[in-house]
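Peer 1:
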Amino acid sequence: SSSSSSTSAVKCQLCDRNPVMATVMCEQCDVYYCNACQQRCHPSRGPLAKHRLVPPPSPAAQAGAAAGGAGVGSG
Numbered sequence: 276s277s278s279s280s281s282t283s284a285v286k287c288q289l290c291d292r293n294p295v296m297a298t299v300m301c302e303q304c305d306v307y308y309c310n311a312c313q314q315r316c317h318p319s320r321g322p323l324a325k326h327r328l329v330p331p332p333s334p335a336a337q338a339g340a341a342a343g344g345a346g347v348g349s350g
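So the sequence shown is numbered by our numbering: it starts at 276 and just counts up by one.
#1: I believe VAL295 touches TYR308 by the beta-carbon criterion, under 8 Å. Please report the beta-carbon distance rounded to the nearest angstrom.
#2: Along the beta strand (DSSP E) that carries CYS304, what are the first and last residues, could you check?
#3: Give the straight-line distance between the Cα atoms of ARG327 and LEU289, rounded to the nearest whole angstrom.
#4: Using the three-state DSSP reduction, which class does LEU323 fall into: helix, strand or coil?
#5: Just the C-alpha distance for SER333 and CYS287, rounded to the nearest angstrom, thanks.
Right under this line is the structure:
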């Protein structure tokens with residue numbers, strides 16, 4: 276039983292049996308959705324239309340992101 280996984284991709288938080296890779300994350304709900312769950316549980320219409328769905332952070336991007344983002348031009 277090896278608990279270490281080489282890929283640290285974000286999984287969908289609504290898939291019960293077979294969590295697949297999340298395709299979007301809602302900034303307001305702070306929930307990761309796969310494509311199917313997003314359409315079923317978090318449609319981009321109605322009261323949820325104001326929510327911002329963004330791509331989940333990729334493991335590759337996380338490695339360098341914590342080092343310090345000095346290249347962000349503010350102003």
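We put the CB at the ideal spot given by N, CA and C, even for glycine.
Peer 2: Let's see:
#1: At roughly 10 Å, the Cβ-Cβ gap does not stay under 8 Å, so VAL295 and TYR308 are not in contact.
#2: Note, CYS304: premise wrong, no beta strand (DSSP E); not H, not E.
#3: Linking ARG327 to LEU289 through their CA atoms gives a straight-line distance of about 18 Å.
#4: LEU323 carries a helical assignment under DSSP once its states are collapsed to helix, strand and coil.
#5: Looking at the backbone, the Cα of SER333 and that of CYS287 are separated by about 14 Å.
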